[in-house]
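See structure below.
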Amino acid sequence: AQTVTQSQPEMSVQEAETVTLSCTYDTSENNYYLFWYKQPPSRQMILVIRQEAYKQQNATENRFSVNFQKAAKSFSLKISDSQLGDTAMYFCAFTNLNTDKLIFGTGTRLQVFP
Amino acid sequence: DTAVSQTPKYLVTQMGNDKSIKCEQNLGHDTMYWYKQDSKKFLKIMFSYNNKELIINETVPNRFSPKSPDKAHLNLHINSLELGDSAVYFCASSQHALGYTFGSGTRLTVV
Numbered sequence: 138a139q140t141v142t143q144s145q146p147e148m149s150v151q152e153a154e155t156v157t158l159s160c161t162y163d164t165s166e167n168n169y170y171l172f173w174y175k176q177p178p179s180r181q182m183i184l185v186i187r188q189e190a191y192k193q194q195n196a197t198e199n200r201f202s203v204n205f206q207k208a209a210k211s212f213s214l215k216i217s218d219s220q221l222g223d224t225a226m227y228f229c230a231f232t233n234l235n236t237d238k239l240i241f242g243t244g245t246r247l248q249v250f251p
Numbered sequence: 124d125t126a127v128s129q130t131p132k133y134l135v136t137q138m139g140n141d142k143s144i145k146c147e148q149n150l151g152h153d154t155m156y157w158y159k160q161d162s163k164k165f166l167k168i169m170f171s172y173n174n175k176e177l178i179i180n181e182t183v184p185n186r187f188s189p190k191s192p193d194k195a196h197l198n199l200h201i202n203s204l205e206l207g208d209s210a211v212y213f214c215a216s217s218q219h220a221l222g223y224t225f226g227s228g229t230r231l232t233v234v
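Structure below.
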């Protein structure tokens with residue numbers, strides 16, 4: 138069975154600093170996709186970043202980047218220059234083209250302090 | 124323009140009632156989903172439909188019945204509501220795992 142594990146229930150960071158959120162997953166598939174979603178207090182699910190497993194290059198989106206280690210099945214999210222608006226729950230998620238469903242981790246609550 | 128819209132945003136109802144949540148997407152995606160987020164924020168898929176056809180049914184009680192009149196709509200009907208059904212329900216759509224777009228969620232409270 139495919140699983141996604143986020144071992145950090147809560148994290149905090151000071152504004153303008155860098156923080157890394159951890160995610161590991163388990164699958165026997167070779168082709169799959171990984172995502173990080175942000176859920177602010179408004180509860181909207183917002184796609185932060187997406188990584189295709191066949192791409193060795195780590196995805197980046199402005200201040201957000203990932204460290205994708207396929208052999209270790211690790212997919213961490215780095216947030217640089219943290220902003221107060223980054224305060225939210227962050228969910229790591231996995232899917233492959235066979236199942237076509239997102240499997241979520243349990244989430245990490247990130248608090249950015251001034 | 125809202126990509127995935129679901130109504131209502133909030134729903135408070137008594138145990139035993141029947142209620143529906145509606146979802147519409149204007150992205151032209153083939154696949155739509157219902158996810159449930161419990162009180163601990165855990166998100167789990169309930170159903171998926173591809174072009175009006177049921178693809179995934181994840182061990183959801185028979186009281187939950189999805190209906191897809193066309194590929195742009197996926198509604199969720201819940202019979203005989205129970206306290207444990209209280210949660211946030213998200214509708215989503217996707218096209219070949221290229222990206223999943225979520226609605227803003229419906230917070231269901233059963234009293």
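Heads up: the protein sequence lines correspond to chains C and B, in order. Every number in our numbering is 137 more than the matching position in the first sequence, counting from 1. Every number in our numbering is 123 more than the matching position in the second sequence, counting from 1. Heads up, the beta-carbon is just placed ideally off N, CA and C, and yes, glycines get one too.
So with CB distances below 8 angstroms, who are the chain B contacts of residue i?
| i | result |
| --- | --- |
| Thr140 (chain C) | Those do not exist, as Thr140 (chain C) stays about 12 angstroms from chain B at its closest Cβ, beyond 8 angstroms. |
| Met226 (chain C) | Lys164 |
Which residues of chain B have a Cβ atom closer than 7 angstroms to the Cβ of residue i, listed in chain order?
| i | result |
| --- | --- |
| Gly222 (chain C) | Those within 7 angstroms of Gly222 (chain C) in chain B number zero; the least Cβ separation is about 18 angstroms. |
Looking at residue i: is its Cβ nearer than 8 angstroms to the Cβ of residue j?
| i | j | result |
| --- | --- | --- |
| Phe213 (chain B) | Met182 (chain C) | yes |
| Arg200 (chain C) | Ile216 (chain C) | yes |
| Leu199 (chain B) | Thr136 (chain B) | no |
Do we get a CB-CB distance below 8 angstroms when we pair residue i with the residues of chain B?
| i | result |
| --- | --- |
| Gln181 (chain C) | yes |
| Thr243 (chain C) | yes |
| Lys207 (chain C) | no |
| Asp237 (chain C) | yes |
| Arg187 (chain C) | yes |
Taking C-beta pairs closer than 9 angstroms, name the residues in chain B that residue i reaches, listed in chain order.
| i | result |
| --- | --- |
| Leu184 (chain C) | Gly222, Tyr223, Thr224 and Phe225 |
Kindly say whether residue i, judged by its beta-carbon, lies nearer than 8 angstroms to any beta-carbon of chain C.
| i | result |
| --- | --- |
| Val234 (chain B) | no |
With 9 angstroms as the limit, tell me which residues of the stretch 161 to 192 of chain B have their beta carbon closer than that to any beta carbon of chain C; keep them in chain order. Lys163, Lys164, Phe165, Leu166, Lys167, Ile168, Ser171, Asn173, Ile178, Ile179 and Glu181
Jot down the residue ranges of each uninterrupted beta strand (DSSP E) in the stretch 161 to 189 of chain C, minimum 3 residues, whole runs only, in chain order. 161 to 163, 170 to 176 and 183 to 189
Short of 9 angstroms Cβ to Cβ, which residues in the stretch 140 to 163 of chain B face chain C? Thr154, Tyr156, Tyr158, Gln160 and Lys163
If the cut-off is 9 angstroms on Cβ atoms, which residues from the stretch 208 to 221 of chain B count as contacting chain C, listed in chain order? Val211, Phe213, Ala215, Ser217, His219, Ala220 and Leu221
Pick out the complete beta strand (DSSP E) segments inside the stretch 181 to 250 of chain C, 3 residues or longer, and give them in chain order. 183 to 189, 201 to 206, 211 to 216, 225 to 232 and 245 to 250
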